[in-house]
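Just so we're aligned, residue 7 is where the sequence shown starts under the working numbering, counting upward by one.
Virtual Cβ for every residue (Gly too), placed ideally from N, Cα, C.
Notes for the one structure printed next.
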Amino acid sequence: MADQSGTTAITVTVEDSGLDGNLNATADNATFDRTLYVTVVPSDESWVYWLEGGTVYRARDDGSDKTTIAEAEGSGWSISRFDVDTVNNRVILAEMKSATSTRIVSVDLLGDDRTVISEGALGWINYGLAVDGENEVVYLHSHDMPPVAPSGPFF
């Protein structure tokens with residue numbers, strides 16, 4: 007189907023033939039189930055992401071399909087910076103309430119799944135944020151020092 011996106015669950019079941027080696031004789035067969043979740047994000051056009059008034063938005067290059075991706079949750083919290091992880095289809099947010107109350111949050115590009123991946127007095131209020139999706143690490147950096155990972159991986 008064209009123009010479809012979202013998340014679906016796929017369950018795979020593996021069955022062995024047991025000690026008798028016969029799949030048709032099910033008395034001694036064993037099974038194992040594993041559920042995989044697949045997320046399909048539209049990628050036929052480029053997206054632009056931006057932070058405006060404490061909310062992360064995205065839209066197509068031509069400005070159409072403006073969508074809210076993430077907002078800070080909780081009284082007094084705000085998003086101070088973000089980065090897009092196109093490898094894992096996530097937006098990584100740096101949220102803060104004060105210098106001693108900060109958190110890093112991972113949100114899927116559909117805005118459905120939100121996970122706090124680090125919280126506390128992280129001391130990164132003046133830092134930039136960058137994500138390395140292939141190595142699943144969030145880096146914090148400032149202009150006067152090389153990137154550092156507070157405690158990755160986060161995914």
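In the DSSP assignment, leucine 116 forms no beta bridge with any residue. If you compare the alpha carbons of Asp118, Lys72, Trp83, Ser52 with that of arginine 96, the shortest gap goes to Asp118. The C-alpha of alanine 36 is placed about 8 angstroms away from the C-alpha of valine 20. Isoleucine 123 sits away from valine 113, with the two beta carbons spaced by 8 angstroms or more.
Just so you know, the alpha carbons of threonine 32 and valine 18 end up roughly 18 angstroms apart.
Look at the segment 53–103 and you find these whole runs of beta strand (DSSP E), each 3 residues long or longer: 53–58, 61–66, 73–77, 84–91.
Taking all protein chains in view, the Cβ of isoleucine 98 is crowded by 16 or more other Cβ atoms within 10 Å, so the residue is classified as buried. For glycine 126, the pairing in a beta bridge is given by DSSP as Thr108. Assignment of aspartate 34 by DSSP, reduced to helix, strand and coil, places it in the helix class.
Out of Phe38, Gly80, Tyr63, the CA that lies nearest to the CA of threonine 73 is found in Tyr63. Among the bridge pairs identified by DSSP, aspartate 39 is matched with Thr19. Inclusion of alanine 76 and tyrosine 43 in the CB contact set at 8 angstroms is not warranted, their separation being larger than that value.
With 16 or more other Cβ atoms from the protein chains shown falling within 10 Å of its own Cβ, leucine 115 counts as buried. Collapsing the DSSP output to three states places glycine 24 in coil. Short of 7 angstroms from the beta carbon of glycine 82, and not among the five residues preceding or following it, lie these beta carbons of its own chain, in chain order: Lys103.
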